[in-house]
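**Q** I have a structure here, written as structure tokens, and I will follow up with some questions on it.
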Amino acid sequence: MSANTSSEMFEIVFRGDIQFGQNLADVKSRLQQLFKIDAAKVDALFTGKPVVLKRGLDKASAEKYQEVLTKAGALIELVSASSEKPLAPSQKDPTEKSPTSVPAEKSNTSVEASSVVGAQWTLAPVGSLMMPASARLAPAVRQFNLSVYSLRPVGGLLVDKAESRQPEPEPLMIPDYKVADVGVNLIDAGEKMELPFLEIDVEDWGLSEPGTPLLAENEKAPEVTSVIPPDFSLAPVGSLLEQIKPQVEIKIPDVSGLKILEN
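Just so we're aligned, residue 0 is where the sequence shown starts under numbering that gives the first Met the number 0, counting upward by one.
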């Protein structure tokens, strides 16, 4: 490393931006504990203007400050003191003492801080007002004359009868119906439809004697043979399905009259 690089000095610049996923109130609380300042001075850091938090730091010290403030949720820029682009007039440096401790992080979101040197545009924190109070116009208060209005009784109509339009009744067409006498045909003789008369020749028909089958032998349905199922039964679970062997009585012969001859 050259002598010019090792002797280069940096400034810690804060523009009021916070890490993505961080809560603005939590970041302000951490910075207040980190710098040991009151809430009013912390709010003064979030105006959107660049504020120099620390001057005259070498690169190693500046990176340590950047790491500590990044863990607190703030977006910090390292600006070289020899940069030709001047910063806007900064407020009073709130960090007269170097930070010695960092509050414990409760958020699991960890995003690396982007170091943008000499940026001219920044994003204001969420919820910040883009105009100072002196530049904002007070909303005009409009006066309404309510003397011409009145309240109707509960359940009453909201318009007068003269203002309401009554629907015209539509004529109801009633057909010329009448009730017929009991037993009278409901249709006239000319409206009746004559059905054709079926002529059936029954000369060759006759009556069989009682008990005589009415079907010929070849017209009868075949007799269904009844099947008597054998005497089957279900064996218990785990039983052997082999054929049952007959029990044979073994007769032991009488060998009392036999003897062994010696050679």
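Glycine residues also receive a C-beta, built at the ideal position from the N, C-alpha and C atoms.
1. In angstroms with no decimal places, state the Cα-to-Cα distance between residue 220 and residue 199.
2. Please return the same chain residues whose Cβ sits closer than 7 Å to the Cβ of residue 90, not counting the five positions on each side in sequence.
3. What's the gap between the Cα of residue 181 and the Cα of residue 167?
4. If we call anything under 9 Å between Cβ atoms a contact, is residue 15 one with residue 121?
5. Where does residue 79 fall in DSSP's three states?
6. With DSSP as the reference, identify every bridge partner of residue 73, one or two as the case may be.
7. Does DSSP put residue 202 in a helix, a strand or coil?
8. For residue 124 and residue 45, which I take to be in contact (beta-carbon distance under 8 Å), what is that distance rounded to the nearest angstrom?
9. Less than 8 Å between the CB atoms is what I'm expecting for residue 7 and residue 79, so what's the real figure, rounded?
10. Count the C-beta pairs between the segment 61 to 72 and the segment 144 to 151 that are closer than 8 Å, then say yes if the count reaches three, no if not.
11. Just the Cα atoms here: how many angstroms apart are residue 126 and residue 22?
12. Classify residue 250: buried if its beta carbon has 16 or more other beta carbons within 10 angstroms, exposed otherwise.
13. Can you name the residues that DSSP bridges to residue 56?
14. Once the 5 residues before and after residue 207 are set aside, which same chain residues still bring their CB inside 8 Å of it?
15. Can you tell me whether residue 158 is helix, strand or coil according to DSSP?
16. Note the first and the last residue of the continuous alpha helix (DSSP H) segment covering residue 30.
17. Can you name, in chain order, every residue of its own chain whose Cβ lies under 8 Å from the Cβ of residue 128, other than the five neighbours on each side?
18. Rounded to a whole number of angstroms, what is the C-alpha to C-alpha distance between residue 187 and residue 196?
19. Alpha carbon to alpha carbon, how far is residue 26 from residue 1? Give it in angstroms, no decimals.
20. Pull the bridge partners of residue 51 from the DSSP assignment, please.
21. Tell me whether residue 260 sits in a helix, a strand or coil according to DSSP, three-state version.
22. Under a three-way DSSP split, which group does residue 125 fall into?
**A** This is what the structure holds:
1. About 29 Å.
2. Model confidence at residue 90 stands at a pLDDT of 42, short of 50, so the residue's coordinates are unreliable and nothing is read from them.
3. Those two C-alpha atoms are separated by around 41 Å.
4. yes
5. strand
6. 17
7. coil
8. 5 Å
9. 6 Å
10. no
11. 11 Å
12. exposed
13. According to DSSP, which records beta bridges pairwise, residue 56 is partnered with 9.
14. Closer than 8 Å at the Cβ level, and outside the excluded window around residue 207, lie 213.
15. coil
16. 23 to 34
17. For residue 128, where only same-chain residues beyond five positions count, the Cβ hits under 8 Å are 135.
18. The C-alpha of residue 196 is placed about 21 Å away from the C-alpha of residue 187.
19. Low confidence applies here, because residue 1 scores a pLDDT of 45, under 50, leaving its location unreliable and the question unanswered by this model.
20. 12
21. Reduced to three states, the DSSP call for residue 260 is coil.
22. Residue 125 falls in the coil class under three-state DSSP.
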